[in-house]
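Counting from 21, one number per residue, gives the positions in the sequence shown under the working numbering. Glycine included, each C-beta is placed from N, C-alpha and C at the ideal position.
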Amino acid sequence: MGEQTTKTRAGWIDIAKVLGLVIVLMNHAELSAGGVNYFGGMFYVPVFFVLAGYTFRLRPGESFSAFAKKKAKRLLLPYVGYNAFFFLFFFVKDQLLGGQPLREAGVSLLGILYSRSYLYAGETAGQTVLMRILNGPTWFLTGLFTALLVFWLLMTWAKGSRKKLLAGMAVCLCAAWGFSFLPVLLPWSLDTLWFHMVLLGAGVLLRETDLVEKLYGCPWKIVLCGLIFFLVSALSGSGNLSVRSYGNHMLCYLAAALLGSVLAMLLAKWIENTFRQAGALIAFAGSHTMAVLCLHLFVFMLISGGYGVLGIDGSRNLWKLWEILGAFVLLVPFYRWRLLPREKGDWQKTVCGLLLLVLVLWSLPLVGKGIDVRDTGSYLTKYRYIFDPSVKVNELHYFLGELAGGIIYALTPVRKVLALNVASSLVYVAAALLTAYVLQKVLPRVLALACALTGSFYGITWIRTLNWNAWTVLFLSAGLALLLAGLQKNSQKWLAAAGFVLAINTYFRMPNMLFLALMAVVFWKTLLDEWKHVGAAEENALAMPDNVASAHRVINHVPDGTVSAEKTGEVKIRALFRPRIWWEALKNCRGFFLGAVAGAAAGLLLALIFLGPDTVLHNLSVLTSVGAGENAENTHSITTGIYLFLLGMKDGALLWLRDGLLMAVVWAVVAGASEVWKRVRGESSKEAMEKPSLAIYFTAGIACFFGLSEGLRENILSAHIWVAFGVILLGTIGTFLYAKKDTLRSCLCASAVIIEGLLTIGTDTGVNYYRVYMALPLGVLLFLLLSWGRSNACGQSSGCGEFDKHGHGSDRGYIQFNEDRLNDAHDHGQDRVDGQPGGYGQFNGNGHGQSRNLCIQRFACGFCQILAVFTFVFVTTAGVRYAATHVYHDAPNGELTATIDHPMYEDIYTSPARAASLNRLMEELAPYKEQKLLQIGCFNIGCVLTDMKPFYDSSWPDLEYLPMREFKEQLENALADGQAPVLLLGTVEESGMNWSPSRYAMIKELGESSAYRTLYVDELYTIYVPVEE
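If you want it as structure tokens, here you go:
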């Protein structure tokens, strides 16, 4: 088991070392990056031990003394050298020049000999610091040295037996648990070397089982490992091997350390395979990590000193990032690195890899931003009490999502909100990857990933905590992928799976229910296929003798009789009205329909079990109400959704007219000037049209600048309605335009139109809700614009440009002509430019009619491409601005610098004013923890921060899911029984943040009555408590 089989070393091993070291430097530089600090802290030191085990090999005939001498040369000599430098430098600086007492130098020397940063275990106040001269990280060298020596003995005893190795690791784990009770840290990490040996053994097993290679080829297993890693990390809590801190549970910390190390190794392997040049550069830095590890604090000191001289505030993350980069630049001899030979396709792999990396990681630094007292407070209340039968929160919008949130909430001892925020980001990322997979059918992979990334800027930023929106997007993405795969494979099983996935998600949210309308796409695809079949059969019959053609028509259900070629189109049109074609289309919907029935039945059964029939019927009445009766203030009704949808479409039309006309005018001026210039230069018409004009690139640059300025200036809703209106209008055109030529693309356009329309109709926020699913409609809109912009009528009579099977367009530019046919058309005045029926207009004697049509088509093609450039730049810029600055129902991102005193919200930042207000809320409500809390005015965080249970069976009493009749009756009965609740009223803004003004007014009137007194008034809320008799 320990024989060395290869002399080469995989570059990804060194890349994994750099990943771990970067997180070490981030923590030492105190660079705040949200979840990256916390979850990266699970493995940033263990990964070095795991990698050391991965590369550990027994050499035949090597004695213990020879092994110890070799490791001493590689680990102890650098330890002595670096610490000698630190001691001499600070002795001269502090004792000789600074006049500090020699006792400090003695303590530093003792720390070097003891080789532990601190004397006592754990990160507690009043620690005795031993390594005081920026040499704290060097403890790792002696810790690895002692662990390797004892591990050599274990491996020698195991003699290649995996069972013996596992038994030895189990004994080491027990020893580590026993040593964890010591109050002081032992020198040279003798108390933690047992835990280090478990990590070393895990590295050996990873190599022997080839687990990294096996996982690398199985994405779903990697996703599963990631989910388990985040879960056990949340359970474990922060750990720190340098002070023998194993978090809340040693086994959880071990699992998180191993899973995190494996994920880091997989990421490193992916970087090596995807970014050849960058991967080689990072691997080169990984082969020189010892200097960075030992000297980075010294470099930080020098750079921060430079900040002080220059008057720079080095506490900001940007300047801390420069400290980290400076450590690598100054301590790694990059001048010795050489570029690898270039290979074909390197740039595409690199760009795709960067986009994928940004998609997965961009939100992690922001998951700890913002405390939302409104929506998030409602979700957390439901998650907290979902398994408590004494508290009935009756407005579960989607059971599977609520259940997942409740499980994460229950299993996470601290940092519950951070864990839920990370889970939400992962769900959105999974949905984005599924959407990119769908878009790759019609777009280049780079552009498909770019659309997925842009969509994630909107969805993840809206509400950070895991909620039904995230699950809706994930199920919708999965259902659409299954639906298109079923249509492509013509498989009823795949269609049934799509119907089930979409229907199980219908659990009392109107957009989810309306998604079942995607069955229309299945019907449309089958209808087109049947129609083509009839048309093809008639065309074949035309070429047959009459007696054979008659039988052929009967077999293929085509009306008998000889039909001329000119009337074949009439036969096809009449075929659309034949019952048989419609019946076949309906029959092919059976798979989707049966799957949807099964999914809806499962969802309804869950609803009846967990909510009860009364609540089910009430929720349905709320969703289908028209705003009358007790639901007069209902903002979630169908009529409200349709009204807001139409309002958004009106605004979208005006926006397209404004910006579209502006770009059309610019393109006309530039294209006209370009044509004049070409004629001045004496270019022939054929030469002018054959090669791409610089006019398109110049105008595209203007569109890019215009999109950038619009994205930075316009309200974020403008990006929503631009894409919404564009994809509904152009997608509808594309649905019919591709119906004959490419039914799958026609179905994709139809799916985008249906999804966008139903998302906006099905919720009260109109196109504003569309932000959660921006990627697919944006990708379809770009596909249509680019496809039409590349059309050959640009050369094609259909007017539809095509991408190849990889989604790539032609390499010859934005317009193409068949050179020979164009030349013949000009020379002979033919009536069509492509030699086929239905050309683009007629030539007159001089060919001016054809030339005029060609100019119009060229203008239209160029205009489509310019619109595509503007759309992508505008939406992406607005998304980046939105993600970087916006925080849902809290202050802007830059103002979130304070935390509140609650373990659930650890590492979650809000504004100082809100932090002080919420801390005061917990203080004021603490004496009333035995009473129930009535929250109103969209202020739902009270039952989250305190132990007070909600008064109503609802986490959000403002909404219509709690009927007005029950709202009044429950309050009147409680007051009559002497069980008056504490009242917590959110401060209502004039913008209408309170969803039910009548309920708010009722509770405010009660709070100001003689039965209550005002306990505390804040800018954020008001507290009323019952008057004691």
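With a 10 Å radius around the Cβ and a threshold of 16 neighbouring Cβ atoms, ARG600 comes out exposed.
Two segments are said to touch when three or more pairs of C-beta atoms, one from each, lie closer than 8 Å; by this definition the segment 177-194 does not touch the segment 124-135. For GLN955, DSSP records a beta bridge to LEU1004. If you look at PRO98, you'll find it in the alpha helix (DSSP H) that goes 97-110. Between VAL743 and VAL895, the CB-CB gap stays under 8 Å. A straight-line Cα-Cα distance of about 16 Å links ALA759 and LEU749. Within the DSSP secondary-structure output, THR1042 pairs in a beta bridge with LEU1005 and VAL1037. Contact between LEU804 and THR891 is ruled out by a C-beta separation of about 10 Å, above the 8 Å threshold. Taking a contact as a CB-CB distance under 8 Å, the pair VAL371 and LEU473 does not count as one, their CB atoms being some 11 Å apart.
Remark: C-beta atoms of GLY54 and LEU384 approach each other more closely than 8 Å. Counted as a single uninterrupted DSSP element, the alpha helix (DSSP H) harbouring MET217 occupies residues 213-229.
The residue from VAL541, ILE1043 and ALA456 with its alpha-carbon nearest to that of ALA770 is VAL541. Excluding the 5 residues flanking it on each side, ASN337 has same chain C-beta neighbours closer than 7 Å at LEU51 and SER52, in chain order.
With fewer than 16 neighbouring CB atoms inside 10 Å of its own CB, THR1034 falls in the exposed class. In the DSSP assignment, TRP290 falls within the alpha helix (DSSP H) that extends over 270-294.
For GLU124 and ASN268, the gap between their C-alpha atoms comes out near 35 Å. Going by DSSP, ILE33 is part of the alpha helix (DSSP H) stretching over 31-48.
Looking from the CA of ALA880, the closest CA among TYR925, ILE716 and THR919 belongs to ILE716.
Here the segment 459-472 does not lie against the segment 72-90, with fewer than 3 beta-carbon pairs under 8 Å apart. Spanning the alpha carbons of SER444 and TRP482 requires a straight line of approximately 11 Å. The C-alpha of VAL521 is placed about 24 Å away from the C-alpha of PRO633.
ILE1023 is positioned such that its CB atom lies no closer than 8 Å to that of ILE961. With contacts defined by Cβ atoms closer than 8 Å, ALA911 and PHE477 do not form a contacting pair. Looking at the backbone, the Cα of GLY799 and that of LEU381 are separated by about 21 Å. Contact between GLY421 and TRP687 is absent: CB atoms are separated by about 46 Å, not below the 8 Å threshold. Here the segment 29-37 makes contact with the segment 281-289; the two share three or more CB pairs at distances below 8 Å. GLN885 sits buried, since 16 or more C-beta atoms from the chains shown fall within 10 Å of its C-beta. Looking at the DSSP output, LYS389 sits in a beta bridge with TYR929. When Cβ pairs closer than 8 Å are counted between the two stretches, the segment 272-280 is seen to touch the segment 56-69, the count reaching three or more. Across the set TRP676, HIS909, PRO203 and GLY221, the C-alpha of HIS909 shows the shortest separation from the C-alpha of GLY1006.
The three-state reading of DSSP puts TYR138 in strand, counting E and B together.
By the neighbour-count criterion, in which 16 or more other beta carbons inside 10 Å mark a residue as buried, GLN877 falls on the buried side. The segment 161-170 makes contact with the segment 215-228; the number of CB pairs closer than 8 Å reaches 3 or more. Per DSSP, the continuous alpha helix (DSSP H) segment holding CYS963 begins and ends at 962-965. Between ALA537 and LEU778, the beta carbon gap of about 6 Å places them in contact (Cβ cut-off 8 Å).
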